[in-house]
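Asker: Using our numbering, the first residue of the sequence shown is number 18, and each one after it goes up by one. By construction, the Cβ of each residue, glycine as well, lies at the ideal position given by its N, Cα and C atoms. This one's a predicted model, so the numbers in the text were calculated from it and none came from an experiment.
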Amino acid sequence: MILNTGARTDTAQYFGEWLLRRFEEGFVYARNPLFPNKVTRYELSPDKIDAVLFCSKNYAPILPRLHEITDKYRTYFHYTITAYGKDVEPGVPSIDESIETLIALSKAVGKQKVTWRYDPVLLTKQYTIDVHAKTFEHIAAKVAPYIDRCIFSFVEMYKKLATNMPEIVPFTEADKMKIAEILGSTAARYGLPIQTCGTNGDYSRFGIARSGCATPEILGAANGCEFKSLKHKGLRQGCHCIESRDIGAYDTCLNGCKYCYANQSPQKAADNYKSHDPHSPILLGTLRPTDEITQGNQTSFLKSTGRQVSLFDGE
Numbered sequence: 018m019i020l021n022t023g024a025r026t027d028t029a030q031y032f033g034e035w036l037l038r039r040f041e042e043g044f045v046y047a048r049n050p051l052f053p054n055k056v057t058r059y060e061l062s063p064d065k066i067d068a069v070l071f072c073s074k075n076y077a078p079i080l081p082r083l084h085e086i087t088d089k090y091r092t093y094f095h096y097t098i099t100a101y102g103k104d105v106e107p108g109v110p111s112i113d114e115s116i117e118t119l120i121a122l123s124k125a126v127g128k129q130k131v132t133w134r135y136d137p138v139l140l141t142k143q144y145t146i147d148v149h150a151k152t153f154e155h156i157a158a159k160v161a162p163y164i165d166r167c168i169f170s171f172v173e174m175y176k177k178l179a180t181n182m183p184e185i186v187p188f189t190e191a192d193k194m195k196i197a198e199i200l201g202s203t204a205a206r207y208g209l210p211i212q213t214c215g216t217n218g219d220y221s222r223f224g225i226a227r228s229g230c231a232t233p234e235i236l237g238a239a240n241g242c243e244f245k246s247l248k249h250k251g252l253r254q255g256c257h258c259i260e261s262r263d264i265g266a267y268d269t270c271l272n273g274c275k276y277c278y279a280n281q282s283p284q285k286a287a288d289n290y291k292s293h294d295p296h297s298p299i300l301l302g303t304l305r306p307t308d309e310i311t312q313g314n315q316t317s318f319l320k321s322t323g324r325q326v327s328l329f330d331g332e
């Protein structure tokens, strides 16, 4: 089983103590977001977890103790650093602070396990194509030696985005092609592999690969192991990632990003966060008497089930 810690909330930044405790105690509960009375239990022993996926905009809070996980489990880390400031991402550190933390993370876990996410790419009167070009160049120049690849996607114009961020300027196909050309050529100058995620457009002419952000091939190469040939069950259209199980919860991230798909509003996330107990086996609140608890399916996707590969294997 692939354990996903960061698709629904920024667990590394805001729930690190809870996450480390769950691994220490060896199990976790996850509430079904569509059927809140249904709860799944997952065992977290190394023989039950093929790999642990992380996605965060700030690993600094968990970094001093991250070895408690990386010493025992296969891992892969997505680090999101965008062009936006506090007006769009109020809870996210500055670009240069984020770059410093990414470098520290890379030195701790190995560059082959770190991806820089430059997404979502969106346009406003302030965040123009030229701003993206300059910011991407600034970040790429500093992080290229410390990462496995770069992944980007264009913002999805879902309904609530019109309310939360009405200043977005809709993309034209010409806009997308221009941005892809800029990102592709910049990445090439720094020897940085670049690909899309959840984007159906073909930008291969600019040296941009079309792939998932957490495929069996990516996870296997990063951890010195091999996964079975699987039919992809991505999270959204255009996604080619390996199937995973998320232990987070929507409406809990305090980053406050205006484009966020996982929060209805920053206020709801702040209200929900008050019920978080780092000692609870479930991220938000506690188990309820009316909860229906089932044991999750934890079938391994590995071709062979040997010992867990450490950070130093294959290096």
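Pick helix, strand or coil for Gln212, following the three-state DSSP scheme.
Answerer: Looking up residue 212 in the sequence shown gives position 195. Strand.
Asker: Less than 6 Å between C-beta atoms, sequence neighbours within five positions excluded: which residues of the same chain meet that for Gly302?
Answerer: Taking the first residue of the sequence shown as position 1, residue 302 is located at position 285. Once the five neighbours on either side are set aside, the close Cβ partners of Gly302 are Ser292.
Asker: Kindly list the residues whose CB is nearer than 6 Å to the CB of Asn49, restricted to its own chain and excluding five residues on each side of it in sequence; keep chain order.
Answerer: In the sequence shown, counting from the first residue as 1, residue 49 sits at position 32. If we look at Asn49 and ignore the five residues flanking it on each side, its Cβ neighbours are Lys55.
Asker: Would DSSP call His155 helix, strand or coil?
Answerer: For the purposes of this step, residue 155 is identified with residue 138 of the sequence shown, where counting begins at 1. If DSSP states are grouped into helix, strand and coil, His155 belongs with the helices.
Asker: In terms of residue numbering, what span does the beta strand (DSSP E) encompassing Ser170 cover?
Answerer: Your numbering for residue 170 matches position 153 in the sequence shown. Ser170 -> beta strand (DSSP E) spans Arg166 to Phe171.
Asker: Is the Cβ-Cβ distance between Thr132 and Ile156 less than 9 Å?
Answerer: The sequence position of residue 132 within the sequence shown is 115, counting from 1. The sequence position of residue 156 within the sequence shown is 139, counting from 1. Cβ atoms of Thr132 and Ile156: not closer than 9 Å.
Asker: Flag Pro187 as yes when its Cβ comes closer than 8 Å to any non-hydrogen atom of the ligand MN, and as no otherwise.
Answerer: The ligand MN is not among the ligands present in this structure, which contains no ligands whatsoever.
Asker: Using 9 Å as the threshold, is the C-beta distance between Ser73 and Asp27 below it?
Answerer: Taking the sequence shown and counting its residues from 1, the one referred to as residue 73 is at position 56. Taking the sequence shown and counting its residues from 1, the one referred to as residue 27 is at position 10. Yes, the Cβ-Cβ distance between Ser73 and Asp27 is below 9 Å.
Asker: Spatial neighbours of Leu271 within its chain, please: CB distance less than 7 Å, with the 5 preceding and 5 following residues excluded, ordered by chain position.
Answerer: The sequence position of residue 271 within the sequence shown is 254, counting from 1. Only Tyr31, Gly108, Ala286, Ala287 and Tyr290 meet the Cβ criterion.
Asker: Tell me, which residues are paired with Trp133 by DSSP?
Answerer: On the sequence shown, position 116 is the one that residue 133 refers to. The partner list for Trp133 (beta bridge, DSSP) reads Tyr96 and Cys167.
Asker: With distances taken between CB atoms, is the gap from Ala68 to Arg38 smaller than 9 Å?
Answerer: Against the sequence shown, residue 68 aligns to sequence position 51. Against the sequence shown, residue 38 aligns to sequence position 21. No, the pair does not count as a contact, with Cβ atoms beyond the cut-off.
Asker: Please name the residue, chosen from Cys274, Ser321, Ser297 and Leu119, that lies closest to Lys103 on a Cα-to-Cα basis.
Answerer: Here residue 103 is taken as the residue at index 86 of the sequence shown, counted from 1. When each option's Cα is compared against that of Lys103, the closest is Cys274.
Asker: Please specify which runs of the beta strand (DSSP E), each continuous and at least 3 residues long, are wholly inside the region 283-321, giving them in chain order.
Answerer: For the region 283-321, whole beta strand (DSSP E) runs of length 3 or above, ordered along the chain, are 309-312.
Asker: Can you give me the C-alpha to C-alpha distance between Ala158 and Ala121, rounded to a whole angstrom?
Answerer: Walking along the sequence shown from the start, residue 158 turns up at place 141. Walking along the sequence shown from the start, residue 121 turns up at place 104. Going from the Cα of Ala158 to the Cα of Ala121 covers about 16 Å.
Asker: Roughly how many angstroms lie between the CA atoms of Glu42 and Tyr59, to the nearest whole one?
Answerer: In the sequence shown, residue 42 corresponds to position 25, counting from 1. In the sequence shown, residue 59 corresponds to position 42, counting from 1. The straight-line gap from Cα to Cα measures roughly 12 Å.
Asker: Tyr76 and Leu83: beta carbons closer than 9 Å?
Answerer: To locate residue 76, count along the sequence shown from 1; it is residue 59. To locate residue 83, count along the sequence shown from 1; it is residue 66. Result yes, Cβ atoms of Tyr76 and Leu83 sit closer than 9 Å.
Asker: Quick one: Cα of Cys333 to Cα of Ala231, how far?
Answerer: There is no way to answer for residue 333, as the model of the chain reaches only from 18 to 332.
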